[in-house]
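Working notes, beginning with the structure itself.
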Amino acid sequence: MRVLKTLPGLPVRFALAAAFLAMCGAALPAQDSAKQVLVDERTLQGLLTRVEQLEARVKQLENERNPPQAAESRPAAPEGNTRPEQMPAALMSSHPAKAEPQEPASSNSAESEQVQLDNAMERMDVSRTLLRIRGFGDISLHGDNRKGDNTSFSLGQLDLFVTSDISDKFRFLSEIVFEDGGTDIYGTQVGDRNSFGVDIERYLLQYSHNDYFNLSAGRGHTSIGYYNTEYHHSSWLQTATGRPFLFDFEDHGGILPIHLVGVTASGQIPSGALGLHYVAEVGNGRASRTPLISEPVQNAMDDENHKAFNFAAFARPEAVRGLQTGFSFYRDVLSPSGMPRVDESILAGHAVLIRPKYEWLNEAVLDRHTVHGTGALYNTPAFYTQLSRQIGSYRPYMRYQYMNVARTEPIFPDVGLRQGPSLGVRFDASESVALKLQYDYTRLRNQPALNALELQLGFTF
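Residue numbers (numbering that gives the first Met the number 0): 0 to 460.
Right under this line is the structure:
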């Protein structure tokens, strides 16, 4: 709270009223016709009480400074300790002022006022740090030509995005997702069918020092490529009905370590119009994928003393509006069950152009596995490109994707070859509801090609 200072000749009541309005203005955000902010009644009552106390205190100080005629013979206190503009600072301090002697009753009164002020400020702090929750969800109708699959309605993820500004520098962020059991990369159920579970997908305490240095600790999305950090667990935010299979989540059979539990440093690199940024991460690597387990993210315990690390850099040049280009390098050591350890290196690059009416995404990844003791090297290349254009409330789009995993790959040989196009259209029925229709054609190794059609209703609330 700023110290209140009264100017010569300014009425005390006017100054207090101005202070009250300033305090209320600082506590309440701007309002518009679409939103209204509810005032904490206890906080408002505390502020009103405090104004009355300050008004009474200032009157008392004025009487002490200008005593009545009957008390003129009383020695005056030093002027430097009795100026009204200094008293609020003394009252607000956690330590009592040393200048002017007080009677015991006055000292107790000042302490009581300080306690009341602290309580009021605490209530104001609680109001500032209340949780903000944004929800996302989707409902789909899906069918394909795979033998044994049935056309079904499906409930997608119910995603609760929770944030709280703890202070000017610290912020908490989490993403809590309710979803059905996991599936492999082919969509085959590997978890409990028709039952929902809870996953804490992101759980981060963030510290913002300045534009050049920021820290976060907890569980977040690894900065591999562009899609993984731009689009999280909401299908409504994405143009298509789902993520490229290159960036499928680990519990859906994805080949990349989508999540990381550890520490991340990020910020801008002084570079003028180039708009360079960096990201450096270290944490628990993913659990070894063989055999496929239900929780590949190591939330509480790492199966290796060796820690995974990732470094990424990207540019947003001012000369080309909406352009971002970048690369990343990820390094880890995996320990598959009953097999030698495997060094993992992931190289990723991207070039994307995002404008209000156009979207063009391009990403490529090379996942390299080297087996200890044998020197055997396995390269898994993958890429996708996606293009869309906004036409009124409609956004037609297309995506082509490719992934080729060797049959003898030590970590995920079951993925195999996957490639093919996707065509779809998104219709924004409102600012919060989107309807999508998408057709997928996917070629597989040693299996019939897969034709799939999906109708999805995505929304935010």
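All residues carry an ideal CB built from backbone N, CA and C; glycine is no exception.
Bear in mind that the values here come from a model prediction, so they are computed numbers and not experimental data.
Presumed contact (8 angstroms Cβ cut-off) between residue i and residue j, rounded CB distance
i      : j      : result
Gly224 : Thr459 : That belief does not hold up - the Cβ atoms of Gly224 and Thr459 are roughly 24 angstroms apart, past 8 angstroms.
Thr221 : Pro256 : 6 angstroms
Gly321 : Leu352 : 5 angstroms
Val176 : Gln205 : Incorrect: roughly 19 angstroms between the Cβ atoms, too far for contact.
Ala381 : Met397 : Actually they do not touch by this definition, with Cβ atoms about 18 angstroms apart.
Val364 : Ala347 : 5 angstroms
Leu454 : Leu140 : 5 angstroms
Gly415 : Arg444 : 4 angstroms
Nearest neighbour of residue i, chosen from the options [CA to CA]
i      : options                        : result
Tyr230 : Asp158, Ser151, Ala307, Leu436 : Asp158
Gly449 : Gly45, Gly147, Asp137          : Per the sequence shown, residue 449 should be read as Leu rather than Gly. Selected option, being the one with the closest Cα: Gly147.
Asp342 : Gln389, Glu453, Ala307         : Ala307
Lys356 : Lys168, Ile138, Glu317, Tyr393 : Tyr393
Tyr329 : Val281, Arg170, Ser234         : Val281
Pro409 : Pro395, His368, Gln446, Gln52  : His368
Asn304 : Val414, Ala311, Gly271, Arg340 : Arg340
Ala239 : Gly337, Leu436, Arg442, Gln446 : Leu436
Gly142 : Leu416, Tyr440, Asn445, Tyr401 : Tyr440
Leu245 : Gly374, Glu51, His349          : His349
Pro412 : Gln400, Ile254, Arg442, Asp302 : Ile254
Val262 : Ala312, Ala314, Gly217         : Gly217
Gln418 : Glu54, Val404, Gly372          : Val404
Gln267 : Asn209, Arg354, Leu259         : Asn209
Ala299 : Glu61, Ile199, Glu430          : Ile199
Leu275 : Ala314, Ser173, Gly219, Val424 : Ala314
Pro269 : Tyr211, Glu249, Tyr438         : Tyr211
His251 : Thr48, Glu54, Glu178           : Glu178
Asn193 : Ser151, Lys168, Phe160         : Ser151
Thr407 : Phe426, Val370, Tyr383, Leu60  : Val370
Gln323 : Ser431, Arg285, Tyr277         : Tyr277
Ser207 : Leu236, Phe195, Arg170         : Arg170
Ala428 : Gly196, Gly391, Ala451         : Gly391
Pro420 : Arg442, Glu51, Arg354, Val332  : Arg442
Leu203 : Asn149, Pro295, Phe160, Gly337 : Phe160
Met338 : Val432, Glu61, Gly372          : Gly372
Leu452 : Val57, Glu63, Asn149           : Asn149
Gly196 : Ile132, Glu61, Glu294, Leu43   : Glu294
Phe426 : Thr48, Glu51, Arg388           : Arg388
Ser431 : Ile345, Gln237, Asp331         : Gln237
Ala279 : Val319, Val332, Gly271, Ser215 : Ser215
C-beta contact flag for residue i and residue j at 8 angstroms
i      : j      : result
Asn283 : Gln297 : yes
Ser464 : Asn213 : Because the chain is modelled from 0 through 460, residue 464 falls outside the range shown and cannot be assessed.
Ser334 : Asp302 : yes
Gly241 : Ser233 : no
Leu456 : Ile138 : yes
Glu358 : Leu386 : yes
Leu130 : Ser163 : yes
Gly219 : Leu273 : no
Arg201 : Ser173 : yes
Ala311 : Ser327 : yes
Tyr383 : Gln400 : yes
Glu249 : Arg285 : yes
Opposing strand residues paired with residue i [DSSP bridges]
i      : result
Gly419 : Gln400
Arg131 : Thr162
Phe195 : Asp179
Gln385 : Leu360, Arg398
His466 : Any answer about residue 466 is impossible in this case: the structure gives the chain only from 0 up to 460.
Ile223 : DSSP output for Ile223 lists no bridge partner at all.
Leu214 : Tyr206, Ala264
Leu47  : Paired residue(s): none; Leu47 is not in a bridge.
Arg406 : According to DSSP, which records beta bridges pairwise, Arg406 is partnered with nothing at all.
Pro380 : Leu365
His349 : Gly325, Glu362
Gln461 : As displayed, the chain neither begins before 0 nor continues past 460, which places residue 461 out of reach and without an answer.
Leu522 : Only positions 0 to 460 of the chain appear in this structure, which leaves residue 522 out of reach.
Lys435 : Arg425, Gln455
Phe171 : Ser163, Leu204
Segments assigned alpha helix (DSSP H), at least 4 residues, entirely inside the region 259–319: At a cut-off of 4 residues, not a single continuous stretch assigned as alpha helix (DSSP H) sits fully inside the region 259–319.
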